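S.K.: Sequential numbering of the sequence shown, starting at 324, is according to our numbering.
Structure below; questions to follow.
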Amino acid sequence: MSVRIVRTRNGEDIIADLFEVTTKEKPNEAVAFQLRYPYNVWLENAPEPQLLSENDSGEVITKKSNPEIRFEPWAPLSKDRSIMIKLEEVVSAYETYPEVEAKYNKIVEAESGRGNDATGTTFDPPKGSQRVSSGEDNGTGRGTIDPNRELL
């Protein structure tokens with residue numbers, strides 16, 4: 324699986340098995356993303372942060388510890404659990420912590436009744452799509468933003 328968290332223009336964080344969708348004419352150019360088993364993901368009711376330190380000016384430096392991670396189906400009224408999203412709607416896509424991915428994988432396995440990479444079974448990629456790579460050896464990766472690309 325290629326599990327990523329996608330931040331959308333409206334600020335939603337969506338965790339999903341992410342695929343780039345291309346055309347036959349331009350197989351190296353993504354035209355959309357396909358989200359399989361998409362869920363909104365957020366931190367909820369995190370307990371009070373623990374004190375880490377206090378600097379000379381009296382400013383308290385804290386960290387969140389053991390936050391609650393919540394998942395909710397994204398587009399819950401969709402009949403299909405594989406949804407397309409325009410490239411323009413995506414601000415960023417990133418890998419998350421293994422614990423978050425493991426929790427997501429358990430939810431997907433329970434929902435679909437099928438396994439995933441964590442259980443040794445993989446999903447077939449959607450037709451006309453490619454898994455989103457983590458990057459290339461030279462650091463550019465498929466997700467590199469073209470600085471000349473016109474932003475909306």
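Heads up, the beta-carbon is just placed ideally off N, CA and C, and yes, glycines get one too.
Since the structure is predicted, the reported quantities are computational estimates derived from the model, not experimental observations.
Return the Cβ separation of residue 344 and residue 354 in integer angstroms, given the expectation that the two are a contact with Cβ distance under 8 angstroms.
M.R.: Within the sequence shown, numbered from 1, the residue matching residue 344 stands at position 21. Within the sequence shown, numbered from 1, the residue matching residue 354 stands at position 31. Indeed, because the Cβ distance is near 6 angstroms, the residues count as touching under 8 angstroms.
S.K.: Take residue 327 as the anchor and find which of 423, 392 and 351 has the nearest alpha-carbon.
M.R.: Position 4 of the sequence shown, counted from the first residue, corresponds to residue 327. Residue 327 has its Cα closest to that of 423, out of 423, 392 and 351.
S.K.: Can you tell me the Cβ-Cβ gap for residue 338 and residue 331, rounded? I've got them flagged as a contact below 8 angstroms.
M.R.: Taking the sequence shown and counting its residues from 1, the one referred to as residue 338 is at position 15. Taking the sequence shown and counting its residues from 1, the one referred to as residue 331 is at position 8. So it is not a contact: roughly 12 angstroms between Cβ atoms.
S.K.: For a test of the three-state rule: what should DSSP assign to residue 421, helix, strand or coil?
M.R.: Taking the first residue of the sequence shown as 1, we reach residue 421 at position 98. It is helical.
S.K.: Excluding the five sequence neighbours on either side, which residues of its own chain have a C-beta within less than 7 angstroms of the C-beta of residue 408, listed in chain order?
M.R.: Your numbering for residue 408 matches position 85 in the sequence shown. Counting only Cβ-Cβ distances below 7 angstroms, and skipping sequence neighbours, we find 355, 356 and 358.
S.K.: Rounded to the nearest angstrom, what separates residue 442 and residue 414 at their Cα positions?
M.R.: For the purposes of this step, residue 442 is taken as residue 119 along the sequence shown, with counting starting at 1. For the purposes of this step, residue 414 is taken as residue 91 along the sequence shown, with counting starting at 1. Because residue 442 carries a pLDDT of 42, less than 50, the predicted location of this residue cannot be relied on, and no value is offered for it.
S.K.: Would DSSP call residue 428 helix, strand or coil?
M.R.: What you label residue 428 is simply residue 105 of the sequence shown in a count that begins at 1. Residue state, collapsed to three classes: helix.
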